Amino acid sequence: MLELGVQTKEIVRDEDPEQGFRLLRSAGFSCADFSLNAYLLNLDIYDAHLNHFFDADIEELERFFMPHKQGAVRAGVRIHQMHMPYPVFVPRGTNEDNAYLWHQMAPKSLRICAFFGCRYLVVHGFKLARELGSEDAEWAQTEEFVHALAPLAKELGITLCVENLYSALGSHILEGPCCKARKMAERIDHINEQYGAEVLGFCFDTGHANLVGIDMEEFVRTLGPRLKVLHLHDNDGIADLHQIPYTFARARENASSTDWEGLLRGLRAIHFAGVLNFETAPVLTSFPADMKEDVLRFLARIGRHFSEQFGS
Amino acid sequence: MMEVLCAPAGLAAWEHPRQGVGDIAGAGFSQALFDMALPFPVKELRRKGHDRAWLERRWQAARELGRQFRQAGVRLPLGYAPHFGYAAADWPEVSVYRSLIERSIRLGQEAGCRYLVVRPWLAQLSRQELWARNRAFYLSLVDCAREYGVVILLENQARSVHGHLVRGVLSEAEEAVSLVDELNEAAGETRFEFCLNMGASGPCGMNVQELVQTLDGRLQAVILCDSDSGEERQLLPFTGAGRLVCETDWLSAIRGLRAIAFDGWLVLGMLDTAAAFPPLLRPQLLALARSVAEYILWQVEMEKALARYPRRVLFGAGNMCRNYMRCYGEQYPPLFTCDNNSALWGKEVGGLAVKNPEELRRLPEDCAIFICNIYYREIEAQLREMGLKNPVAYFNDECLPHFYAGRLPEGEA
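Note that the protein sequences, when read in sequence, are chains P and X.
The opening residue of the first sequence carries number 1 in this note's numbering; numbering runs sequentially from there.
The opening residue of the second sequence carries number 313 in this note's numbering; numbering runs sequentially from there.
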């Protein structure tokens, strides 16, 4: 059986983190995707309202997160992956804010990740293709960011994981950074060769892939061992809903309109041995609060179903 | 030289095409897509495709469609073969499909087509197996295509996952290029090229710029339409709007086509828009459609227009002029710019001297004047009133190769 994980947002609260970890453990998850991005929200970053959570020095931040770390250990949950706040660059943002994200938030995120004993830190690539004129030029900027963090990542034994993202024109979702599997495989290898360590890997986000019609099986097969972590969630192919897998259908036969079979074929083909991790915090707010544990159990049940497809 | 073709779907019913064909010709389209798929709607073809008499009647209808176009003086350089849609379950054995395509090649040639879009055969197979089967399928068409002098265009596909369109075969740049090249190598000649269908890329959220630039000279046709992420849909470009913007990524498409100096066919597809319009309004719709196609053509050819003249000056000293200098100033340097605002005379914009428009009278006759201001028509009238004989063209900065992106932080984290 593969291990199951879920993001901590809407489950683990600062007032009593252990309770949240126990809840997800009892629901069937042995791993957690720690939502570090909940401490500096993306909407606030876009609106230039930085809360300066990351102003604190690393010792202060470690003290702040000590109850979370201990709570997870006591509940028997391993922090398998973590999400850095995003975006890490706002094209129309001030130089000061962008420098803060780059020089304060990002390296401290790595330190916190290491503090939790967590191996994988998911980061968002820069969304600059429209401004810079090509996906290659966009990646060049993300690569600069990765290079800025890579020495520290290597020192701390952390793998930064870029994920496939999207952009939008009106309500139409279009492919964003890191949606070209072949290129991403080459780029990851190129960077890791330079550092002689796995400083960069990939986080495959099924919901984002579904929004831009990515062939999941092919994408995963192409990434192969560079695929380190997963963001499993579902949507209607139109909006980024982060819902429960198998929820959506488009045709009268009511079969899932998301290619879960293709994803599982791909994961099987590359002998994926990581964590089946769900990025489904919005599910926990869309269902009534008193159903939270039931919902988590159901998600874990889907995780077990996925895992069973891998065979023994 | 890039040319515009009108796709008749939604405009000319295959059962009685005369009025629609007349509308297309009346709007000034001298060329159209010979859409042989029209008399073969997917559901009917799947149900009745084995019935030879039914098939024959539909082929006759396709022939009549071609005849009507020719009679109206509309050329049909590009054909589109019948197909079975984006759902693998709808597709027959490859031999059944091949016979449809061979008939399309013959009929296409008869109608004047030199090129024919042939979708890849589809089945519920692995990508690798599908690739291998399609390689064999396309190569099996070489003799027939050669005999009738037709070049086959492969097309990027979507794939239906229970009604949700995702990227199908030939939607990835490397895959498309390698299959086209492989086929041509095996054929021993350039018998295969490519058609980009924006109706198949749009629902999958694809940025087609890379596909276009990687295909480069292999790209022979582009089917222009708006679409959305909901389902297969062909809307007149710029009509698929929401939240105050057009939801089709024209910027990426135009950037790609401009970068490769595309000179194939722009095929205007508007099936759903045209079908939704009352027939009485179709002539007006077609007039608009023609303007839309010409606008896209103009945008794609912007750089070609700059290169067309040995010397050039700009008219306008605002942001558009700055954008010109930032993106094209080095490759296509203007002699100077001018502006009606006398306060700017003697100053510089983007390193370019700003002069009084009266200076334009001293230009050599082969020097083009590029208007760099949104008041195109007023400025053009001003230039004509001045009696200038120089070529006048419009520059526009809506689809530049790159925009300002702010300053990135520097140094190690």
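Backbone N, C-alpha and C define an ideal beta-carbon position, used for all residues, glycine too.
Given the structure is predicted, the values throughout are model-derived calculations rather than measurements.
Below-7 Å beta-carbon distance, residue i vs any chain P residue
i: V478 of chain X; result: yes
i: P703 of chain X; result: no
i: S490 of chain X; result: no
i: S416 of chain X; result: no
i: D528 of chain X; result: no
i: H714 of chain X; result: yes
i: D540 of chain X; result: yes
i: D709 of chain X; result: no
i: H328 of chain X; result: no
i: P721 of chain X; result: yes
i: R503 of chain X; result: no
Simplified DSSP state of residue i, which is helix, strand or coil
i: I244 of chain P; result: coil
i: L664 of chain X; result: strand
i: L556 of chain X; result: coil
i: T94 of chain P; result: coil
i: D455 of chain X; result: helix
i: M216 of chain P; result: helix
i: R447 of chain X; result: helix
i: F116 of chain P; result: coil
i: R624 of chain X; result: strand
i: R379 of chain X; result: helix
i: V386 of chain X; result: coil
i: T280 of chain P; result: coil
i: Y392 of chain X; result: strand
i: Y607 of chain X; result: helix
i: G334 of chain X; result: helix
i: T316 of chain P; result: No information on residue 316 of chain P is available, as it lies outside the stretch 1 to 312 that chain P covers here.
i: G133 of chain P; result: coil
Start-to-end residues for the beta strand (DSSP E) that takes in residue i
i: W577 of chain X; result: W577 to L580
i: F54 of chain P; result: That residue, F54 of chain P, is in no beta strand (DSSP E); it is neither H nor E in DSSP.
i: V463 of chain X; result: V463 to E467
i: A32 of chain P; result: C31 to F34
i: F346 of chain X; result: Q343 to D347
i: I11 of chain P; result: Where I11 of chain P is concerned, there is no enclosing beta strand (DSSP E), given that its DSSP letter is neither H nor E.
i: Q7 of chain P; result: L4 to Q7
i: H83 of chain P; result: R78 to H83
i: L230 of chain P; result: L227 to H231
In DSSP terms, what residue i is bridged to
i: S407 of chain X; result: Answer is none; S407 of chain X lacks a bridge partner.
i: N509 of chain X; result: X:I535
i: A249 of chain P; result: P:S256
i: S726 of chain X; result: This structure gives no information on residue 726 of chain X, because the portion of chain X shown stretches from 313 to 725.
i: Y706 of chain X; result: X:I683
i: S167 of chain P; result: P:L174
i: H147 of chain P; result: DSSP, once it has assigned bridges, lists no residue as partnering H147 of chain P.
i: F89 of chain P; result: According to DSSP, which records beta bridges pairwise, F89 of chain P is partnered with nothing at all.
i: D493 of chain X; result: Beta-bridge pairing links D493 of chain X to no other residue.
C-beta neighbour in chain X for residue i, strict 7 Å
i: D259 of chain P; result: yes
i: D205 of chain P; result: no
i: A255 of chain P; result: yes
i: H233 of chain P; result: no
i: D189 of chain P; result: no
i: G274 of chain P; result: no
i: S30 of chain P; result: no
i: D240 of chain P; result: no
i: V212 of chain P; result: yes
i: E186 of chain P; result: no
Enclosing alpha helix (DSSP H) for residue i [first to last residue]
i: C639 of chain X; result: N631 to Y640
i: K355 of chain X; result: V354 to K360
i: K292 of chain P; result: K292 to E308
i: F21 of chain P; result: P17 to A27
i: D189 of chain P; result: A181 to Y195
i: V199 of chain P; result: Note, V199 of chain P: premise wrong, no alpha helix (DSSP H); not H, not E.
Cβ separation of residue i and residue j, assumed to be a contact under 8 Å, to the nearest whole Å
i: R445 of chain X; j: W433 of chain X; result: 6 Å
i: Y427 of chain X; j: L466 of chain X; result: Y427 of chain X to L466 of chain X, Cβ: 11 Å. No contact.
i: G237 of chain P; j: L211 of chain P; result: 6 Å
i: Y120 of chain P; j: Q81 of chain P; result: 4 Å
i: C633 of chain X; j: T649 of chain X; result: 5 Å
i: V122 of chain P; j: V12 of chain P; result: About 17 Å; that fails the 8 Å criterion.
i: R602 of chain X; j: A339 of chain X; result: 5 Å
i: C507 of chain X; j: A533 of chain X; result: 4 Å
i: R431 of chain X; j: Q469 of chain X; result: 6 Å
Chain C within 7 Å of residue i, Cβ atoms only
i: V612 of chain X; result: Going by chain labels, chain C is absent from the structure shown, which instead holds the protein chains P and X.
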